[in-house]
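**Student:** Protein chains in written order, with the UniProt record's numbering: chain A, 1 to 249; chain B, 1 to 303; chain C, 1 to 252; chain D, 1 to 197. Could you have a look at this structure, given as structure tokens, before my questions?
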Amino acid sequence: MSTAATTTYSPSPAKKQQTIFKDLDWVRSDGRGFQQCRPAFLRTGATSAASGSAYAEFGNTKVIVSVFGPRESKKAMMYSDIGRLNCNISYTTFSTSIRVQGSDNKEFSAMLHKALEGAIILESFPKTTVDVFALVLESGGSDLPVIISCASLALADAGIMMYDIVSSVSVTCIGKNLIIDPTSEEEDHRDGSFLISCMPSRNEVTQLTLTGEWTTAKVHEAMELCIDACSKLGDIMRSCLKETASTLQ
Amino acid sequence: MAEKATEKTGMEGEMEVDAYRRLFPLPFYERHLLDSLRPDGRPLSRSRDTSLSLGAVSSADGSALVKFGDTTMLAAIKLEVMTPSKESPDEGCLGIEFHMPPICSPIVRPGKPAEIAPVISKQLEDAILSSGLINLKELSLISGKAAWMTYVDIYCLNADGSLFDAALFAAVAAFSHLQIPLVSLSEGGRVITVSGENLDNPAKELVNKDKRNLTLHSIPFSLTCVLHKNYILADPTAEEESIMETLLTVVLDSSSQLISLYKPGGSVLAFKTTVQDCISHTRKRVKELQKILSEALSDMEID
Amino acid sequence: MEVDRIDGRTPNQLRPLACSRNVLHRAHGSARWSQGDSTSYKTAIVNTKERNTIILAAVYGPKAGTRKGENPEKASIEVVWKPRTGQSGKSEKECELILRRTLQSICLLTVHPNTTTSVIVQLLPCAINASCAALVDAGFPLKHLAVAVGCGLSEGGSVILDPSKAEEELKFQAYTHLVFLNSSLSVLPEGLPHVEGKPVEDGIITSVTHGAMSVNDYLCCMERAQAASAKISEFLRRSLQSQLPSDPAKAL
Amino acid sequence: MAIETGEETLVTPGEVLGDSSDLIAGRGAYVAHHNGKIYSSLTGRCSIVPPLPGSSDQKPKVEIVGHKAHGAVPEPGSVVIARVTKVMAKMVSADIMCVGPKAVKEKFTGIIRQQDVRASEIDKVDMYLSFHPGDIVRAVVLSLGDARAYYLSTAKNELGVVSAQSIAGATMVPISWTEMQCPLTGQIEQRKVAKVN
């Protein structure tokens, strides 16, 4: 088996530049309205080896997050009076339509850290570390917001003290339209994107990223769309946590 | 070792059972073994509840999700096109990789991969090739020009012992779920998939009209046992593997051929009778796994 | 069915064994183990290189345990498998694990807790015999000696012991590597170690197989290899007795 | 939406439990400084505990009970059970396995310094005659320690070695506060023995 030397390619035809997105009225491939999120399936406690875990499925985006700790910080770290948060995101080799070498996503890992850090009561576990590890089983678009929401659920499942849960939603701008919770195909054709992570009950934003060209009016519109969706997603997350908690008793 | 600690140490009163189990794992287990019952309530030779669901990954050509108790494996197969080697122009290739991402166990951390993962990859590769599960000739598309490179990636999502057994079952189940995409040859000489509306009226002739599934010859199944004194514990959990270190893995195929008998050291010696007992436990397990696989396949046909 | 072996041996015949210790000066213990000898079979067809298995094993330690895998109650053993060329990959990792677990089972690990001993091996199977001799050379406390035997199963179903590299490349249906304890000697005849009434040398420490075979074939290999292990075991003992560690400072 | 006394509802992190002017935030609850409201920080049942008769603050306390708490973590003052890993001239290091009666999920590293082994004649302590690798020790957490380890102390009668193996591999029996005996060989070994109640 000499797999290393052989070069291979995926037989799936190269994506054609789809023109429909340029029209003002086009139909999303899954039939959703522009301001409609994919149905969310959430479950906690999938990984027994971890302190807490959660699985999230939004359409074809499937993510598992495990939380370990609070546990001993790595030897090389300095003493700290408050706890530490450590995040890592990796993708499976089959997460996308073309096979990739499964690897860590450093940029997303840093963004996940920023989105969660403000919501965790780090003083409640001095000196120790909480590890949040995510594995993207399938990448179907809006990966980062799904990971962030799923990670917050896993942290709650692990019993880590938090000011509030964190829900996260993104909006993509294609031409004149704002599309919420975009799929990968929609993301590929974006002119700009907007991601918000917030603590719905406290009405506070932990992270906001904006890329591409936006007018002020569009930003306001996107912000409202996202905040509203985050609060709805927050309710779904709470009912998931309560469901697990009630079955435990 | 701490065998004598079974005597009352005077500490048990003040701590929870879990704490005693953590501090004195071997005496804790030996007490259970005396009653021929494991802490999770299983008799020694019983495997954990096993489940299988096929087609869990929509971005793959074949996939399977397997659970042995809490041990969870997700196997997915993706087919890509390769140019066959000159020595074997009519053969495709298999690439098997076992992954233990940091989510699966507290001992794996990013940048610090599990030591066991490449060893299990190698064992899986050996078992699948030795059993002759796949005829590599069936992976040929155009002799000397194009063949399928079959990437089998198995991810451990939750590690709780018997990783090789669960990974092998996930891999063979993913093979039986594999649907080869229909392909044709483009002008540039590349093999491309034909799907959707193009299927009824393909612009080019299909290369592989009647080869959508692979013929699986003899399917390998395995059972790992932990040996401790005279006890044989089938399908051990991670805790059992770490406390009683002697492991023996038997791989048998569907026609009861021995594909592998793997015992990497350990303080307990395997006598002929032990070997025979482990093989007969494996025979029973093969029947169970065969049944689970065929039920999952027939459920899929109904859908 | 009898099969003709390319080097003219009978199926049960082992290649000549040779073992020399203290071959590396900087290591705490070392051994060179070979199976097959360039002078004994001068058959023109086969390149002698292919019929010989030569392994070099070096032992460093016990060193103060600062490495990972350090254990407060036991000594740790680490195995580094050096491939002849290139980087170490999956197969080397597998060999390291098998060898480490095998050596752990014969070493008296309670004598030097919190230490690490490294065994560095270069080249091919049967490394167990070499490592074992190297550990003895290093003066490491052992419970037993281990003896490894390779066993090939020809297409016709007959068992061939100690196949050479050239034979391995020819058609073998399957082959097996088995490791046993060396046969025991005791001053008192009743003092021979037994487990449940069975002599310990009947039990296998390690088993690794390649290729498909029937269960009976495996059990047959096990029996034949066990018988052969007695010969290697005797050789090992003789060889160790004749070469006591040359440097007394090395003895722990 | 203040919660009535005695009523128990399921809450999740971030849910408002009441106002800090009427309630005290107990376990699993916190006061947000920007609006003075009390929020939950854990998932579980919310319960209101009436004030103790004699206490100065007569507000009831709100806390989260029955939640899935994270694994045990050592804190200053907690009694832990640890396994000795290394004995050195000035200190021993030990893996903390239990905090109180609970087993930890993953071990934490602790050290017992020479001055923290016993209460009297602390400069005469010989670490090698007090602990051996593998001993199970009951100790109290002195402080969070340094970057590497928690600082532990056995300087009390009921603290010290609670279980140890002799060289012959048997569990030894304590015979005095400095000695333990092997039941197989009768050999006596020295330890800082914990007094069994």
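We put the beta carbon where it would ideally sit given N, CA and C, even for glycine. Computed from a prediction, not measured in an experiment: that's the story for all the values here.
Measure from the C-beta of residue 69 of chain D to each C-beta in chain A and report whether the shortest distance is under 8 Å.
**Tutor:** Yes, residue 69 of chain D lies at the interface with chain A (some Cβ there is under 8 Å from its Cβ).
**Student:** Kindly say whether residue 255 of chain A, judged by its beta-carbon, lies nearer than 8 Å to any beta-carbon of chain D.
**Tutor:** In the structure as shown, chain A starts at 1 and stops at 249, and residue 255 of chain A therefore has no counterpart that could be examined.
**Student:** Under the rule that 16 or more other beta-carbon atoms within 10 Å means buried, what is residue 43 of chain C, buried or exposed?
**Tutor:** With a pLDDT of 33 at residue 43 of chain C, under the threshold of 50, the modelled position of this residue cannot be trusted; read the value that follows with caution. Result: exposed.
**Student:** Taking just the CA atoms, how far does residue 191 of chain A sit from residue 176 of chain A?
**Tutor:** The straight-line gap from Cα to Cα measures roughly 10 Å.
**Student:** Flag this pair as yes or no: are the beta carbons of residue 116 of chain A and residue 89 of chain A separated by less than 8 Å?
**Tutor:** no
**Student:** So which of B:290, B:251 and B:35 has the shortest CA-CA distance to residue 282 of chain B?
**Tutor:** B:251
**Student:** Determine which residues share a DSSP beta bridge with residue 99 of chain B and list them.
**Tutor:** B:155
**Student:** Quick check on this structure: which residue in B:103, B:100 and B:162 has the alpha carbon closest to the alpha carbon of residue 236 of chain B?
**Tutor:** When only C-alpha atoms are compared, the closest one is B:162.
**Student:** Cutting at 7 Å between CB atoms, please list the residues of its own chain near residue 104 of chain B, excluding the five before and the five after it.
**Tutor:** 156, 157, 158 and 159
**Student:** Should residue 112 of chain D be flagged as near chain B, meaning a C-beta pair shorter than 8 Å?
**Tutor:** Not one chain B Cβ lies under 8 Å of residue 112 of chain D.
**Student:** Which residues, in order along the segment 88 to 122 of chain B, keep a beta-carbon less than 8 Å from a beta-carbon of chain C?
**Tutor:** Legend: CB atoms of the segment 88 to 122 of chain B lying less than 8 Å from CB atoms of chain C belong to residues 115, 116, 118, 119, 121 and 122.
**Student:** Label residue 122 of chain D either buried or exposed according to how many other C-beta atoms from any shown protein chain fall within 10 Å of its C-beta, with 16 as the threshold for buried.
**Tutor:** Burial state of residue 122 of chain D is exposed, judged by a 10 Å Cβ sphere holding fewer than 16 other Cβ atoms.
**Student:** DSSP three-state label for residue 20 of chain D, please.
**Tutor:** It is coil, neither helix nor strand.
**Student:** Going by CA-CA distance only, name the one from C:63, C:57 and C:149 that's closest to residue 121 of chain C.
**Tutor:** C:57
**Student:** Please classify residue 41 of chain A: is it buried, with 16 or more other beta-carbons within 10 angstroms of its beta-carbon, or exposed?
**Tutor:** exposed
**Student:** Taking only the alpha-carbon atoms, compute the straight-line gap between residue 95 of chain D and residue 68 of chain A and give it to the nearest angstrom.
**Tutor:** 18 Å
**Student:** Looking at the structure shown, is residue 210 of chain C part of a helix, part of a strand, or coil, going by DSSP?
**Tutor:** Strand at residue 210 of chain C.
**Student:** Which whole-angstrom value describes the C-beta separation of residue 193 of chain D and residue 160 of chain D, a residue pair presumed to lie in contact below a C-beta threshold of 8 Å?
**Tutor:** Right, their Cβ atoms sit about 5 Å apart.
**Student:** Taking beta-carbon pairs under 7 Å, can you tell me which members of the segment 125 to 155 of chain D lie near chain C?
**Tutor:** Residues 133 and 134.
**Student:** Could you tell me how far apart the beta carbons of residue 133 of chain A and residue 153 of chain B are, in whole angstroms, since I believe they sit closer than 8 Å?
**Tutor:** With 8 Å as the limit, residue 133 of chain A and residue 153 of chain B do not qualify as a contact, their Cβ atoms being about 18 Å apart.
**Student:** Output the distance between the C-alpha atoms of residue 104 of chain A and residue 59 of chain B, rounded to the nearest integer angstrom.
**Tutor:** In a straight line, the C-alpha of residue 104 of chain A is about 19 Å away from that of residue 59 of chain B.
**Student:** Whose Cβ in chain D lies nearer than 7 Å to the Cβ of residue 113 of chain C?
**Tutor:** Simply 133.
**Student:** Short of 6 Å in beta carbon distance, which residues of its chain neighbour residue 221 of chain B, apart from the five on each side in sequence? Order them along the chain.
**Tutor:** 286 and 289
**Student:** Let me check understanding here. Comparing Cα to Cα, which of B:127, B:248 and B:64 lies closest to residue 278 of chain B?
**Tutor:** Of the candidates B:127, B:248 and B:64, the one whose C-alpha sits nearest the C-alpha of residue 278 of chain B is B:248.
**Student:** Between the segment 76 to 84 of chain A and the segment 137 to 147 of chain A, do at least 3 Cβ pairs fall closer than 8 Å?
**Tutor:** no
**Student:** Output needed for residue 45 of chain C: all residues of its chain with C-beta closer than 6 Å, excluding positions within five of it in sequence on either side, in chain order.
**Tutor:** Reliability fails at residue 45 of chain C, whose pLDDT of 33 lies under 50, so the model's placement of it is uncertain and no value is given.
**Student:** Go through its chain and collect everything with a Cβ distance to residue 41 of chain D's Cβ below 7 Å, but skip five positions before and after it.
**Tutor:** Once the five neighbours on either side are set aside, the close Cβ partners of residue 41 of chain D are 13, 28, 29 and 30.
**Student:** In chain A, which residues lie with their C-beta within 9 Å of the C-beta of residue 151 of chain B?
**Tutor:** 3, 8, 93, 94 and 99
**Student:** Please classify residue 263 of chain B as buried or exposed, where buried requires at least 16 other C-beta atoms within 10 Å of its C-beta.
**Tutor:** buried
**Student:** Taking the Cβ atom as the reference point for each residue, do residue 183 of chain B and residue 208 of chain B lie within a distance shorter than 8 Å?
**Tutor:** For residue 183 of chain B and residue 208 of chain B, yes; Cβs fall inside 8 Å.
**Student:** Along the beta strand (DSSP E) that carries residue 229 of chain C, what are the first and last residues, could you check?
**Tutor:** Note, residue 229 of chain C: premise wrong, no beta strand (DSSP E); alpha helix (DSSP H) at 215 to 242.
**Student:** Could you please give the first and the last residue of the uninterrupted alpha helix (DSSP H) stretch that includes residue 45 of chain D?
**Tutor:** That residue, residue 45 of chain D, is in no alpha helix (DSSP H); its beta strand (DSSP E) goes 44 to 49.
**Student:** Apply the 10 Å Cβ neighbour rule to residue 92 of chain B and answer buried if 16 or more other Cβ atoms are within range, or exposed otherwise.
**Tutor:** buried
**Student:** With DSSP as the reference, identify every bridge partner of residue 28 of chain B, one or two as the case may be.
**Tutor:** None; residue 28 of chain B has no bridge partner.
**Student:** Anyone know if the C-beta pair for residue 58 of chain A and residue 38 of chain A falls short of 8 Å?
**Tutor:** Yes, the pair counts as a contact, with Cβ atoms nearer than the cut-off.
**Student:** Among A:173, A:77 and A:244, which one has its Cα closest to the Cα of residue 211 of chain A?
**Tutor:** A:173
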